[in-house]
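Asks: In our numbering, the protein residues as written are 43 to 184. Ideal placement from N, C-alpha and C gives every residue a C-beta, glycine not left out. These figures come from a predicted structure and were not determined experimentally. Please see the structure below; I have some questions.
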C-alpha cells in the first residue's frame, strides 16, 4: 500500500507540472496553486485534489499497522487532517486573484491552512523516528 501512496504523491507532482504547462503565460511562482482551481483548469484541479486526498489516509493506515510502538500516533492523525484539508480545498473554491474575499474563499483558505499545517506537523513528528530507523538505531521488526 505504501507504493500506492507514493505513486499518488508522484501523480500530485505530475498534476502540478501539467498546470504549469497548461498555463504557460503565468509565471510558476507568481500566484498560489489554488489559482489553478479557477478558470480553464478548475476541473483538473479538483481531480488533483481528490487524488491527493487518497494518499494521506493510505500512508496513515500504513503507519498505524506498522506495529512500531515508538512511532507517534499523532503522525496518523496529522495525515488524516491533511486529507480533510485537501478535501476542503476541493469543495470550496478560491476567490480569483484580486477580487473581494467571499465565504467560500475564506473556507478554502482555512482548509489550505489545515492541510499545510497538518503536513508540516506530520513531517516534524515523523522525522526523528525515520532518521533513527535509517541509521539502524531501531529495527522495523523489533
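Assuming residue 164 and residue 117 form a contact by the criterion Cβ under 8 angstroms, report the distance between their Cβ atoms to the nearest whole angstrom.
Replies: The C-beta distance from residue 164 to residue 117 rounds to 5 angstroms, short enough to fall under 8 angstroms.
Asks: So, using beta-carbon positions, are residue 132 and residue 92 closer together than 7 angstroms?
Replies: For the 7 angstroms CB-CB criterion, residue 132 and residue 92 form a contact.
Asks: Looking at C-alpha atoms only, which residue of 96, 170, 124 is the closest neighbour of residue 46?
Replies: Residue 46 has its Cα closest to that of 96, out of 96, 170, 124.
Asks: When burial is assigned at 16 or more other CB atoms within 10 Å of the CB, is residue 76 buried or exposed?
Replies: buried
Asks: Under the three-state reduction of DSSP, which class applies to residue 81: helix, strand or coil?
Replies: coil
Asks: Could you compute how far the alpha carbon of residue 137 sits from the alpha carbon of residue 169?
Replies: 35 angstroms
Asks: Measure the C-alpha to C-alpha separation of residue 102 and residue 157 and round it to an integer number of angstroms.
Replies: Taking the Cα positions, residue 102 is about 14 angstroms away from residue 157.
Asks: Let me check understanding here. Comparing Cα to Cα, which of 57, 113, 108, 53 lies closest to residue 173?
Replies: Selected option, being the one with the closest Cα: 113.
Asks: Around the C-beta of residue 166, are 16 or more other C-beta atoms found within 10 angstroms, so that it is buried, or is it exposed?
Replies: exposed
Asks: Distance check for residue 66 and residue 51, CA to CA, integer angstroms please.
Replies: 23 angstroms
Asks: Would you identify the three-state DSSP class for residue 142, choosing helix, strand or coil?
Replies: coil
Asks: Tell whether a beta-carbon distance below 7 angstroms holds between residue 119 and residue 98.
Replies: For residue 119 and residue 98, no; Cβs fall outside 7 angstroms.
Asks: What separation, rounded to the nearest whole angstrom, lies between the Cα atoms of residue 85 and residue 79?
Replies: 7 angstroms
Asks: Tell me whether residue 127 is buried or exposed, calling it buried when 16 or more other Cβ atoms sit within 10 Å of its Cβ.
Replies: buried
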